[in-house]
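Residue numbers (the numbering used here), protein chains in the order written: chain A, 637 to 1184; chain B, 530 to 776.
This is the structure in structure tokens:
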């Protein structure tokens, strides 16, 4: 059989033209990854400026171009939230890691629709350019990432049309990505690779794509009605003429609550891959892990009202959604217990991917347990929109998810880039991030729950205790920032690092055993890919973890 | 460490001598239950993880391969069923407290509050109004902008908004509810100790969101009645109109 002789240009030899017109899933994935990391850094800087503002009472940020320091704060907060959520937390997975890894894990040459994939990236790129336009003071968006009407239709809130355009382009891009991933996983799996032999990371991408596909229409509906209300004179959200602003919140959260599972499930996927590989042991309870992923995705669609517990919805709805939200804890608990059981009788290697994974799991546990008060309606009506919720979701997204993404970056860096990174810097980065983030977010939660400090405040009463709590948080955020910076330096510096072996961790998963490092143009050393009967991505026997 | 101790003190003070405010007392009950459940679950997971991580660490030449264990159905059933029970318990405990937190006791003083960018309008049963405007200078307010409430007496607040969504957070009572245009929402609270307390806006509403506060002046019932001007509720409609003309 004739083997296609593709020009063997790895990523580092590709021309600009190839980057612009590529449909190769690895290159598209790398474009996503670079974009998402750059925007993560930008959103991080926004976050540091927010910390600067909150370190002391009063307005610290300067008045610029006729806008007050408080307006600048509101813009920075909007930017921080929107970019971290949509650019970093969603697209580091759905754009970056999913594109690069899923075809490699299932033994496919590319995704099902390579051109749609490239289109998805360029739509995302368009949204990214629009985000940069908001840096111009006339274009500041100050309606926060949620864009609740009626405020988002107010002229003080900034450019509504720009907000709508950014979200719409993001929606187009993520729908293209989800359709692609679902089709790829359903139809392009290698011979012998059944649903129960799929990597848990691939399962999590499958579940996340399904969530996206069912959720995005609600989001696009919400912003379409916002558009017609603001510019075409309709009154969907106008109570004076029979509309209701809560309609927007329902539509928004019908997408935006499940979206947190789009963000966290792939992080769980990385935890599963790394913990199994580094313990040299199959993942404990693979089948229950798999069902837990889909259970979280399903239950996640029936919990959105907990974001609206104090918005005026009826009391019976609050109680029902309180229970449904609490039930998310059950499948999530299964996953955590299975990870702990995977460690039992393993042979655990404490390299940087594993440190980030263990740290991520233990921090997710705090994030999950501090999620319970938001589900218990009795507690939530006292802490809604306080700093507690901010601290809680930073434990989940700022720590668990980010640690998952950093774990994934270190774990697959050798395969994606072909070079080894500096282990010392990676470990230092991990410890700084762990310590800094814990100082920061613990006191944030404390301030919200015990002191009752509301969120989204550039200014607050000069209560001595509040000031010192804010200063402690700022110290934590600086340590966290240095830790993140070290990892960025590490990834850039290591582009010139030593060459990586094909399977540095000794994993039996296909992306390690069947490919060159970095992965060649047609992905696999041997075509077509076929896996033996007793092979499993977590099978540490018969030498499957060294060759196949 | 100081804060950790305060947190522990808060969650441990089951037999607090005096109740500062309602529905805060019910809220604290729920918080205490959650806190201890969370701490115990955290230890149940974290201690074995750290123990396993140390005990089963990779040792070159000695311990290089993990054992081949794929799962344990009995264990997996246990850690599905027990969390389900815990979750049902927490949900029901919260439900029971929530009913008390939401429903004002009989005989509560009814106050209407209208939120706007950026301030609050309080209207008392006899038509007396208080406007609490945001203050660019800081978190202080002139005497006439303070909303008086009687100490030790429940106050039921009916909320709505004139423009965008706001949220009426009674800081000492740990209760908040959104003020939504086109809707009337409600909450109740009771503060037992006289003094001055904050009401903050907790739903983002633009430039001066963080300065959208009101000061609740909690005074004895006598003093409150004196301030209100007569204990008899006046004719609702006419007095409202009269007040608007005199404002």
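Note that CB positions come from ideal geometry on N, CA and C, so glycine has one too.
is_contact[residue i, chain B] using C-beta, thresh 8 Å
i	result
residue 980 of chain A	yes
residue 1134 of chain A	no
residue 924 of chain A	yes
residue 971 of chain A	no
residue 835 of chain A	no
residue 916 of chain A	yes
residue 1179 of chain A	no
residue 650 of chain A	no
residue 802 of chain A	no
residue 951 of chain A	yes
residue 958 of chain A	yes
residue 786 of chain A	yes
residue 1096 of chain A	yes
residue 921 of chain A	yes
residue 941 of chain A	no
residue 880 of chain A	yes
residue 976 of chain A	yes
Contacts that residue i makes with chain A (C-beta to C-beta distance below 9 Å)
i	result
residue 731 of chain B	946, 1020, 1021, 1022, 1090, 1091, 1092
Straight-line Cα distance separating residue j from residue i
i	j	result
residue 778 of chain A	residue 721 of chain A	16 Å
residue 680 of chain B	residue 673 of chain B	19 Å
residue 746 of chain A	residue 662 of chain A	8 Å
residue 999 of chain A	residue 578 of chain B	13 Å
residue 705 of chain A	residue 1176 of chain A	58 Å
residue 599 of chain B	residue 992 of chain A	24 Å
residue 1105 of chain A	residue 1080 of chain A	8 Å
residue 728 of chain B	residue 728 of chain A	40 Å
residue 624 of chain B	residue 1012 of chain A	8 Å
residue 1134 of chain A	residue 1123 of chain A	17 Å
residue 748 of chain A	residue 867 of chain A	39 Å
residue 965 of chain A	residue 908 of chain A	18 Å
residue 717 of chain B	residue 1029 of chain A	29 Å
residue 753 of chain A	residue 639 of chain B	59 Å
residue 921 of chain A	residue 974 of chain A	6 Å
residue 772 of chain B	residue 656 of chain B	In this predicted model, residue 772 of chain B has a pLDDT of only 41, less than 50, meaning its place in the structure is not dependable; the value taken from the coordinates is given anyway. Each residue's Cα considered, the two are about 7 Å apart.
residue 653 of chain B	residue 685 of chain B	11 Å
residue 709 of chain B	residue 702 of chain B	21 Å
residue 723 of chain B	residue 871 of chain A	45 Å
residue 1169 of chain A	residue 835 of chain A	16 Å
residue 606 of chain B	residue 612 of chain B	10 Å
residue 929 of chain A	residue 967 of chain A	7 Å
residue 588 of chain B	residue 731 of chain A	38 Å
Cutoff 8 Å: residue i Cβ touching any chain A Cβ
i	result
residue 749 of chain B	no
residue 575 of chain B	yes
residue 600 of chain B	yes
residue 691 of chain B	no
residue 605 of chain B	yes
residue 775 of chain B	Caution applies to residue 775 of chain B, whose pLDDT of 36 falls short of 50 and renders its modelled position unreliable; the value that the coordinates give is listed next. With 8 Å as the cut-off, residue 775 of chain B does not count as an interface residue toward chain A.
residue 624 of chain B	yes
residue 668 of chain B	yes
Within chain B, partners of residue i - CB distance below 7 Å
i	result
residue 792 of chain A	735, 736
residue 1035 of chain A	Ordered by position in chain B, no residue passes the 7 Å Cβ test against residue 1035 of chain A, which lies about 14 Å from the chain.
Spatial neighbours of residue i in its chain, beta-carbon cut-off 7 Å, leaving aside the 5 residues before and after
i	result
residue 1103 of chain A	692, 693
residue 1031 of chain A	999, 1002, 1003, 1006, 1077
residue 946 of chain A	1017, 1020
residue 829 of chain A	742, 743, 1167
residue 978 of chain A	911, 912, 915, 917, 919, 920
Interface residues of chain B facing residue i [CB-CB closer than 9 Å]
i	result
residue 985 of chain A	586, 587
residue 910 of chain A	Going along chain B, no residue has its Cβ under 9 Å from residue 910 of chain A, so there is no contact; the nearest lies around 13 Å.
residue 710 of chain A	733, 735, 736, 738
residue 998 of chain A	571, 574, 575, 578, 579
residue 1176 of chain A	594, 595, 597
Contact set between residue i and chain A, taken where Cβ atoms lie within less than 8 Å
i	result
residue 555 of chain B	1014
Spatial neighbours of residue i in its chain, beta-carbon cut-off 8 Å, leaving aside the 5 residues before and after
i	result
residue 1055 of chain A	1049, 1130, 1131, 1132, 1133, 1134, 1135, 1136
residue 750 of chain B	679, 680, 681, 682
residue 861 of chain A	870, 872, 873, 883, 884, 887
Listed by chain order, chain A residues near residue i by CB distance under 7 Å
i	result
residue 616 of chain B	962, 963, 965, 966
Same chain only: Cβ atoms within 6 Å of residue i, ignoring 5 sequence neighbours per side
i	result
residue 593 of chain B	none
List, from N- to C-terminal side, the alpha helix (DSSP H) runs of 4 residues or more that fit wholly inside the segment 778-850 of chain A.
Those alpha helix (DSSP H) runs which fall completely within the segment 778-850 of chain A and span 4+ residues are 796-823.
Uninterrupted beta strand (DSSP E) stretches inside the segment 659-709 of chain B (no shorter than 3 residues)
Annotation: the segment 659-709 of chain B contains the following complete segments of the beta strand (DSSP E) (minimum length 3 residues), in chain order: 676-679, 684-690, 695-699, 704-708.
Just list the alpha helix (DSSP H) runs in the segment 945-1002 of chain A, keeping only unbroken ones of 4 residues or longer that don't cross its boundaries, in chain order.
For the segment 945-1002 of chain A, whole alpha helix (DSSP H) runs of length 4 or above, ordered along the chain, are 951-963, 965-979.
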